[in-house]
Every structure is written in C-alpha cells, then in structure tokens.
Amino acid sequence: MSTKVPPRSELLSAMKAAMERVPALAADGREATVREVTSRLASQGVPGAALLAKADAATLATLRTQVLRDGFSAAPVRSVGDSARLPGPSRTAVVSGGSYTGLLAAAALAKGGYQVTVLEPRPQHTRDIRLSLRQGTLDMLAAVDPQLAAEVAAKASPLDAADIKALKLPGNGEFFPLRGQAEGRHAPDGAQAPETGAAMMATPFTHVIVASDLEEVIEAYVRRTFPQQVTVLEGKLSAKPGADGQVAWGLERKGKDGASVVEDFLHGARPGLVIVAEGAGSSTRTSLGIESAPSTPTQEWTAGVVHTPDPSVAPGHASIHSLLDKAPEGTTRGVALADRSATWVLAQSRPGFEPDSAAPQEQIDAQWFGTAAVVTGQSQDSLQRAGATGPVRRDGSVPTLFELQGKASRDAALTVGDTVVGFVGDSVLTSTFQVGGGMNGALGEIAEVMTLAADLQSGVSPKDAAQRFETSVFERADAWSAAGIPFFYETSSREETKALVQAHLEALAQWRASGGASPLERLQAVLSQVSVASEPLGMPLAA
C-alpha cells in the first residue's frame, strides 16, 4: 500500500507555522536542528509538525528555503522597554562583548527572532592581531548568512597550502601538523558547517585576517541587516545576584565625573537569554561566582606586528611560518602570520627570561626581533627598519611580553530565574595555544547559540537547554585544548602525546564535575605517577 504524500502547499504551510513558532529556524537550517524541532513540535500536537517530522532532509531544506524566499519574518518582538511578558520564552536577548564572537551571536539571535542588545566597552575595534581562518569557520559563517561569509573572505588574505611552512633547521621539528592543508577547501557552505569542535579543528587553514577587520565586517553586517533588532551600547554588563535568586542586569559605564554608573538599559524587563563573550577576564563570570582555574603550565611569549608582509608570497595573499627550536638552553617556538600589509609574530622566550628592569622593552624587542628574523627568513635589520607595534592599534603600542597559561571555566551556562546565561569563547577556556584554534573554536560556538535559541523557543526547559549548551561548548573548547596541550610539554612519541592529551581532558572533566584542585594540579598529579624509567610527560626529573 502506497503512502499518500501530502500536497506541497500543506507542507509549506506547516514549515511556515513551525518557523513562526520557532524563529531560530530562520538562522539555523542544519538538518539535525530542523528535524529535532519539528519532531518536538509534533509531540506537542502542533498542527502540521508531524508531516514535517516525517519528511526527508532534502524536502525539509527546500521548504525552509522557500519560506525564507517568500519573505518570512518572525512574529513581532516587543521592545526591551515593554515589561509585559511574552507568552513562552522571552525573546529579549543580551550579548555582552562586541568582539567577533559576540557580534556573530547577535546576528544569529536577531535572525532567530530575538530583540538583541550588544554591550561593548571599547569605543572602536583596535586589536591588530592576525588570525588564521579555518574552512570550518567560513562554513559556520555561511550557515548564518552566505553573504556574511563572502564578505569576510573578501576582506581576508587567501592562504595557499604551499605558504604554510615549518622551518627545517637542525634538531627542529614541526610546530603543528601541515599535512592535508590543501584538502577540504571549498567555497563557504553552511551545509558543511562542522557539528563538533573536533570537526572544526580538523579543517584546513584558508585565510589570514586582522581581528579588528573581522570585527568591523561582522558589525557592519549586523547594523545593515538588523537595524531594528540589534542595538549596540557602549559599556559593560553589570550582573548583581539578588536574594530572590534573580540577577539585576545593568549597563555600567563612566559618568560625567568619571565614576562608574549603572543604568537599567532593559527598563525593568528580564532577558530570556544572555550570551557572555567577554574574554578571559570575564567580569560577569566573576560576578556570578563561576570558578576559573589554570589548565596548563605557563610560558613567556612576546606578540607584535612588524610592518612588512612576506615577500615570498603573491601580493594580497598570506603565509604562516612556524619554528620549533630545540636548543640546549631550552625549547622555544615562533609563529609568523603575514597578510597583505604586515606580519604578526609570536615569539616564545627562553625559559627563565626576565627583562632587565632598567630597560625591559629593549630586551623584549631584542629577543622578539631575533625570533622574527629566523621565522620569517628576513634580516633583523630589515625588520627593525620596517618598524613594529603591539597587539593593539594605538599610539605608542609596542611588542608585548605576556604570560601564556591555559585557564578553564568550571561552568559554561546557568539559569537565574527564567533567564539562561551562556558563556562562549575565552570566557570558557583560553590560551591553550594552537594557531587559529581559539578564534575558530569561539566562532564555531555560534552553532551552540543557535541550538540554544531553538531549544528555548520549541519548549525545552531553560535548565535542560542550558545543560545541553554547556556540554556542546565544552566539547568545542576541549577540542582546541586537545590540539594545543602538546605545545606546553615535551613528549618523545606519538603515543605519549595521545596519553598526555587524554589525561588533560580527563583532568578538565573531573574538575568541572567535582571542583577542588585545578585541572593543572590534577594533570601534574597524574603525570607524577608515570614510570621513572622514562621522563614523565612534560615533567623533567629532578637531579
């Protein structure tokens, strides 16, 4: 007996009704999301949802695309000043942090039917950091909007696999694996957006872009595309937990007398969703009592920009060069990312390096230019003549010595009253070194933001939605962590490296579950039990 296929008009009406009920489907067209949401709506008895739940993937994709082409718009969202409660989850959202991660989250939420307020204390984007974009990141941008992905790719400098090089000096090894960098490259395609952090990290490098340029492209897209749905305010988020279990959300900024003032920018309303993209020093995380602890040993690095591109690559293109220098006085590493205008250099200091207090910048510059010359293949004199600045575009900026240490957050989401608070990017895990890892992983977390929105709009409880969000964000953060942790330790074999990474991830999981000793302390305790027949991973034996 043949199964009667419902008329296309009936299916199209069902998809339009589902998207009006769950506007997040306008932003998230991944098959898994559409399938899950329609099945959930069908279980709730929503008319037509059962038909969609039984449809094949191609039909679902075609129907969703047709609804969008027909001029779909979510049901009107009340302004943040309207304290009247919307039926179901509130569609008022706050994004704290106007970097590329926060701005992309704002775009996805606005497209998914939220009225969004973005808070950012910086008056302008000034980070002069070169970032390596992965294929998976471009695909994730395309999942939000193909036009946005195209604009980012046009602003970035293309990176050919031949321009990703590890120096082959005596006694040196590769800084990161270069195999397969030519595989998997394609035009941005939202249908191929990686579902996991591990899948993201497995995609090749494709472009190099300046952090501030990336932020400016995304902000321009947001302002142009969502002029009514997204408001950007200068200042930072104030979160003050109250005795009633709720949090008083405010906008903190400087008053006329220079003192901090907190404004009720929501006019008494409570947001349904708060996304925190504040970076490693997240003040909201601290205000809400979420613990952050070390997850790796420390290293000393210097970062800066030398104002000359790589002369060996085609104009407008980019390169990545890396160095692993194993010398008797200690291992150091260097990385140079060159785009069409300048070269971003990261240089690790020799163990025990401490600049002289009388002339610290001269010593910092000396070791930084020395590494830059080796890793770029240009003379130190030519690099110095080109001039150098620091990680931030401002007068007097200089190459900066900083301490690199991985730090992890114990929580990535929580519920306060009927508000879900989700953390992304460096607010969750930071400084687990891997070129392009943190930025790409953080942008990839937009998938979790979209899933969270769809869950809340389709009837999942805030607590369950927050737990799912946290699990997925931790997976992405830990994928970056797994790729970066070997660079904090000296290992002698592939098997030992795998064991080290596994021990690191287990230490993170145990700490998040039970608290107590930091992930680093737990890892060191594990490594100290390794047989003394060979050097414990990352821990030289005492004499």
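Heads up: the sequence shown at position 540 corresponds to 539 in numbering that gives the first Met the number 0, and the numbers run straight through without jumps. Ideal placement from N, C-alpha and C gives every residue a C-beta, glycine not left out. Since this is a predicted model, take the numbers as computed values, not measurements.
Residues that residue i bridges to, as DSSP identifies them
{"i": "His266", "result": "According to DSSP, His266 bridges with nothing at all."}
{"i": "Thr116", "result": "Val93 and Thr230"}
{"i": "Thr388", "result": "Val304"}
{"i": "Val420", "result": "Val273 and Leu413"}
{"i": "Thr429", "result": "Lys406"}
{"i": "Phe204", "result": "Arg133"}
{"i": "Leu322", "result": "Gly333"}
{"i": "Ala317", "result": "Leu158"}
{"i": "Ser259", "result": "Lys253"}
{"i": "Arg126", "result": "Val391"}
Assigned secondary structure, residue i (DSSP; H/G/I helix, E/B strand, else coil)
{"i": "Pro22", "result": "helix"}
{"i": "Leu250", "result": "strand"}
{"i": "Thr331", "result": "strand"}
{"i": "Lys164", "result": "strand"}
{"i": "Pro157", "result": "strand"}
{"i": "Lys497", "result": "helix"}
{"i": "Asp364", "result": "helix"}
{"i": "Ala358", "result": "coil"}
{"i": "Val434", "result": "coil"}
{"i": "Ala17", "result": "helix"}
{"i": "Phe486", "result": "helix"}
{"i": "Ala192", "result": "coil"}
{"i": "Val580", "result": "Since the displayed the chain opens at 0 and closes at 542, residue 580 lies outside it and no answer follows."}
{"i": "Val529", "result": "coil"}
{"i": "Arg121", "result": "coil"}
{"i": "Glu444", "result": "coil"}
{"i": "Pro145", "result": "helix"}
{"i": "Leu85", "result": "The predicted model places Leu85 with a pLDDT of 38, which falls under 50 and marks its position as unreliable, so this point remains unresolved."}
{"i": "Glu182", "result": "coil"}
{"i": "Glu505", "result": "helix"}
{"i": "Ala60", "result": "helix"}
{"i": "Asn171", "result": "Because Asn171 sits at a pLDDT of 44, beneath the cut-off of 50, its placement in the model cannot be relied upon, and the following sentence gives the value as read from the coordinates. Looking at Asn171 - three-state DSSP - the assignment turns out to be coil, as it is neither helix nor strand."}
{"i": "Asp138", "result": "helix"}
{"i": "Ala8", "result": "The sequence given here places Ser at residue 8; Ala does not occur at that position. Residue state, collapsed to three classes: helix."}
{"i": "Ser381", "result": "helix"}
{"i": "Asp454", "result": "helix"}
{"i": "Glu353", "result": "coil"}
{"i": "Gln245", "result": "coil"}
{"i": "Ala369", "result": "The question names Ala, but residue 369 is Gly in the sequence shown. DSSP places Gly369 in helix when its eight states are reduced to three."}
{"i": "Ala198", "result": "helix"}
{"i": "Ser513", "result": "helix"}
{"i": "Ala279", "result": "coil"}
{"i": "Ala546", "result": "Absent from the structure is residue 546, since the part of the chain shown begins at 0 and ends at 542."}
Enclosing alpha helix (DSSP H) for residue i [first to last residue]
{"i": "Val472", "result": "Pro461 to Gly483"}
{"i": "Ile217", "result": "Ala210 to Thr224"}
{"i": "Ser38", "result": "Glu30 to Ser42"}
{"i": "Val525", "result": "Pro518 to Leu526"}
{"i": "Ala107", "result": "Tyr99 to Lys110"}
{"i": "Val45", "result": "Per DSSP, Val45 belongs to no alpha helix (DSSP H) and is neither H nor E."}
{"i": "Arg284", "result": "Ser282 to Ser286"}
Where the beta strand (DSSP E) through residue i begins and ends
{"i": "Lys235", "result": "Lys235 to Pro240"}
{"i": "Gln298", "result": "Ser291 to Val305"}
{"i": "Phe401", "result": "Thr399 to Ser408"}
{"i": "Gln347", "result": "Thr342 to Gln347"}
Whole-Å CB distance - residue i paired with residue j, under 8 Å assumed
{"i": "Leu455", "j": "Val419", "result": "7 Å"}
{"i": "Leu103", "j": "Val143", "result": "7 Å"}
{"i": "Ala155", "j": "His206", "result": "4 Å"}
{"i": "Ser131", "j": "Pro293", "result": "Not a contact, Cβ separation roughly 25 Å."}
{"i": "Gly96", "j": "Asn439", "result": "Not really, about 17 Å apart at Cβ, beyond 8 Å."}
{"i": "Glu19", "j": "Leu50", "result": "16 Å between Cβ atoms; not a contact."}
{"i": "Gly249", "j": "Ser237", "result": "4 Å"}
{"i": "Gly112", "j": "Arg63", "result": "Actually they are not in contact, since the Cβ atoms of Gly112 and Arg63 sit about 15 Å apart, beyond 8 Å."}
{"i": "Ala412", "j": "Glu469", "result": "4 Å"}
{"i": "Ala385", "j": "Val305", "result": "6 Å"}
{"i": "Leu118", "j": "Gly234", "result": "6 Å"}
Residue i beta carbon near the ligand MN (any heavy atom closer than 6 Å)
{"i": "Gly416", "result": "Looking for the ligand MN in the displayed structure turns up nothing, as the structure carries no ligands at all."}
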